[in-house]
Amino acid sequence: MNITGHILIIDDEAALRKTMARILQNAGFEVTTAESAEQGLDYLKSTQYDMILTDLRMPGMHGLEALKYIHTHYPALPVILFTAQPDVNSAVDALRHGATDYLLKPIKPEVIIERTRAILLGRQREKRKREIILNIEALQNELKNLEEGTQPTKPAQPLNPASVEKERYLKRGPIVIDLHARRVLIHDEPHNTPPTSFDYLVVLARHAPNVVDFQTLVAEAQGYQTDLREAQELTKWHIHQLRQIMEKDARNPVYLLNVRGTGYRLITD
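Residue numbers (numbering that gives the first Met the number 0): 0 to 268.
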């Protein structure tokens with residue numbers, strides 16, 4: 000699958016902006032750069048981007064404040080934060096407010112390319128899966144009509160991306176997942192989730208109530224393969240995030256259940 004996209008880089012250091020832009024352009028991506036969070040948010044008003052890379056600490060608007068704005072107004076847009084002065088609290092805050100990933104400077108070129116490709120591949124795969132699922136449902140309905148001896152008004156046609164976008168909700172019991180706004184409703188109460196954690200929930204919902212093993216969760220939610228140990232750590236973090244948001248008591252979950260040594264499952268009965 001050819002991975003392309005338009006990337007916005009926000010950083011007050013001109014040399015780093017140019018270096019990152021050159022790395023991603025050489026990898027086949029279209030790149031726009033901004034020297035401040037304010038300028039980057041201004042670009043967002045007139046241009047559609049597939050992903051944003053932004054520094055955390057900049058003069059003027061802080062990267063975390065820019066992240067909050069982006070997640071509120073463009074909830075489906077992945078954002079990677081990077082910083083030369085990491086601390087645990089800033090990392091947790093970044094992920095809690097919607098960051099897709101959190102990287103440390105200096106960032107190796109191969110890491111930038113790998114994470115960009117993985118995130119955009121995951122988005123492309125999810126969109127394609129929605130298209131396939133809807134086409135299958137249309138064909139199943141046509142088959143049902145034929146078996147019952149009724150004649151559909153017209154044969155089911157493959158759905159184009161525009162019509163696919165109209166199908167936005169994934170429902171599992173009291174849980175409704177809005178695939179467009181990338182928000183979760185539980186008993187009609189809305190909940191915002193970090194983008195990557197949201198992708199984990201979508202995977203669990205599509206497989207529910209079956210168990211999804213750790214490595215499959217990472218592969219389908221984030222678009223890349225990992226060894227078992229790394230997959231366990233990644234899924235543990237994102238399930239923790241989801242439980243804090245979805246469960247009344249995160250220590251005694253009723254929706255997101257662990258199957259020891261195997262993976263997780265979503266239960267909504």
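Even for Gly, the Cβ is constructed at its ideal location relative to N, Cα and C.
task = Go to residue 168, then tell me how far its beta strand (DSSP E) extends in each direction, as first and last residue.
result = 168-171
ask   = Is it a yes or a no for the stretch 206-217 touching the stretch 190-197, going by three-plus beta-carbon pairs under 8 Å?
value = no
inquiry  = Suppose you measure from the CA of residue 115 to the CA of residue 261; what does that come to, to the nearest Å?
reply    = 28 Å
Cα-Cα separation, residue 146 to residue 171 = 28 Å
Alpha-carbon to alpha-carbon, residue 79 and residue 99 = 6 Å
request  = Determine, using beta carbons only, whether residue 121 and residue 221 come nearer to each other than 8 Å.
outcome  = yes
query = In chain order, what residues of the same chain lie with their CB nearer than 8 Å to the CB of residue 47, ignoring the 5 residues before and after it?
reply = 5
Residue 50: first and last residue of the uninterrupted beta strand (DSSP E) it sits in = 50-54
request  = Determine, using beta carbons only, whether residue 33 and residue 9 come nearer to each other than 8 Å.
outcome  = yes
message = residue 30 and residue 40 - do their beta-carbons sit closer together than 8 Å?
response = no
key: According to DSSP, residues forming a beta bridge with residue 30   = 6
task = Give the secondary structure of residue 251 by DSSP, where H, G and I count as helix, E and B as strand, and everything else as coil.
result = coil
ask   = What is the DSSP secondary structure of residue 258, reduced to helix, strand or coil?
value = strand
inquiry  = Closest to residue 231 by C-alpha separation, out of 259, 82, 265 and 112, would be which residue?
reply    = 259
task = State the Cα-Cα distance for the pair residue 112 and residue 38, rounded to the nearest angstrom.
result = 24 Å
ask   = For residue 54 versus residue 81, is the C-beta spacing smaller than 8 Å?
value = yes
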